[in-house]
Amino acid sequence: MKILTLAAAATILLSCNNASTTATDNKTDSPVTNPSTPQASMFNTLTDAEKADGWELLFDGTSTKGWHVFNKNTDGSAWKAEDGTLTLNPAEIKDGKTTGGGDLLNEEIYENFHLKLEWKVDTAGNSGIIIYSEEDPKYEYSWHTGLEIQVLDNERHPDRKFQKHRAGDLYDLVSSSPETVKPALEWNTVEIKSNKGKLEEWLNGTKVLDVTLWDDNWKTMVAGSKFKIRPDFGKYTKGHIGVQDHGNKVWYRNIRIKKL
1 MKILTLAAAA
11 TILLSCNNAS
21 TTATDNKTDS
31 PVTNPSTPQA
41 SMFNTLTDAE
51 KADGWELLFD
61 GTSTKGWHVF
71 NKNTDGSAWK
81 AEDGTLTLNP
91 AEIKDGKTTG
101 GGDLLNEEIY
111 ENFHLKLEWK
121 VDTAGNSGII
131 IYSEEDPKYE
141 YSWHTGLEIQ
151 VLDNERHPDR
161 KFQKHRAGDL
171 YDLVSSSPET
181 VKPALEWNTV
191 EIKSNKGKLE
201 EWLNGTKVLD
211 VTLWDDNWKT
221 MVAGSKFKIR
231 PDFGKYTKGH
241 IGVQDHGNKV
251 WYRNIRIKKL
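Following my numbering, the numbering of the sequence shown begins with 1 at its first residue and continues without gaps.
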């Protein structure tokens with residue numbers, strides 16, 4: 001009996017040693033990557049199918065090429081391409097304006113288009129996606145002519161209290177519904193399609209906005225909004241696409257467009 005017991009113990013000890021040796025042999029010095037953690041290289045690219053379908057990247061993930069500050073020929077030092085995102089870092093604000101900032105516009109002019117992108121905003125943050133903006137020295141900001149799809153922390157920013165000022169809204173004109181925005185510091189996906197006066201928006205996969213532009217009802221809406229003092233607001237049927245500097249940190253990525 002003792003002989004059998006000793007033999008069994010020896011077998012167990014040998015098995016443990018072999019397992020330890022195998023684990024040591026398989027160990028490497030390579031860093032462990034969490035497969036659920038997205039890498040920057042996964043974004044800001046187009047598939048062959050998307051390219052064939054006419055999609056174009058507006059942000060390459062590594063530079064601000066193709067973008068400039070509204071009414072300027074610079075991209076602004078506060079706007080950076082970091083970790084695959086187009087981000088505004090308002091480190092210094094003077095007289096209510098970000099030093100080296102300003103609304104950032106793409107260089108192209110678009111009329112009918114399908115725009116897709118992702119955004120996340122800082123805690124209590126505010127920004128916006130601008131469409132149909134006209135550049136001219138007589139306009140101080142891109143939103144003096146362009147329409148804004150609101151980007152907002154709906155839980156903390158003061159604008160959350162105002163109808164038509166929440167995330168996804170056509171700012172100060174039409175409320176989005178249902179509310180599908182994610183909390184601050186989480187990524188949201190948005191699609192904006194504007195074709196022959198019909199404006200539609202999808203936020204995180206759900207349609208939240210459907211508006212007819214430039215008809216009599218549109219003119220009535222503008223006349224009843226804060227933009228009534230802007231004589232050229234919402235009148236341009238083609239223009240720049242941009243992202244707003246509202247003095248808060250914000251990130252954008254996967255910005256792509258298809259002309260319709």
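For glycine and all other residues, C-beta sits at the position ideal for the given N, C-alpha and C.
Specify, as a first and last residue, the run of the alpha helix (DSSP H) that residue 222 falls within.
Counting along the chain, the unbroken alpha helix (DSSP H) around residue 222 starts and ends at 216-223.
To the nearest angstrom, how far is the alpha carbon of residue 124 from that of residue 50?
35 Å
Less than 8 Å between C-beta atoms, sequence neighbours within five positions excluded: which residues of the same chain meet that for residue 53?
258
Just tell me which of 200, 101, 215 has its CA closest to the CA of residue 175.
200
With a threshold of 16 other CB atoms inside 10 Å of the CB of residue 168, please say whether the residue is buried or exposed.
buried
Just mark residue 120 as buried or exposed, buried being the case when its beta carbon has 16 or more other beta carbons within 10 Å.
buried
Would residue 242 and residue 98 qualify as a contact pair, given that the criterion is a beta-carbon distance under 8 Å?
Result no, Cβ atoms of residue 242 and residue 98 do not sit closer than 8 Å.
Nearest CA to the CA of residue 130: which residue from 138, 151, 137?
151
Please determine, among 78, 84, 102, the residue with the shortest C-alpha to C-alpha distance to residue 91.
78
Since I believe residue 254 is in contact with residue 118 (beta carbons under 8 Å), could you give me their beta-carbon distance rounded to a whole number of angstroms?
So it is a contact: roughly 5 Å between Cβ atoms.
Taking the C-alpha atoms as reference points, what is the distance between residue 225 and residue 245?
21 Å
From the DSSP output, which residues share a beta bridge with residue 257?
56, 115
How long is the line joining the alpha carbons of residue 70 and residue 127, rounded to whole angstroms?
15 Å
Rank 64, 72, 95, 94 by C-alpha distance to the C-alpha of residue 83 and give the top, closest one.
Taking only the C-alpha atoms, the option nearest residue 83 is 64.
Could you check the C-alpha separation between residue 73 and residue 105 for me, to the nearest Å?
10 Å
Sort out for me which residues DSSP pairs residue 76 with in a bridge.
Looking at the DSSP assignment, residue 76 forms no beta bridge with any residue, so it has no partner.
Output the distance between the C-alpha atoms of residue 89 and residue 143, rounded to the nearest integer angstrom.
20 Å
What is the DSSP secondary structure of residue 210, reduced to helix, strand or coil?
If DSSP states are grouped into helix, strand and coil, residue 210 belongs with the strands.
Comparing C-alpha positions only, which one of 61, 193, 157 sits nearest to residue 183?
157
Check this for me: beta carbons of residue 76 and residue 101, under 8 Å apart or not?
yes
CB-CB under 8 Å to residue 166, same chain, minus the five flanking residues each way: which ones, in chain order?
150, 152, 154, 159, 160, 175, 176, 179, 181
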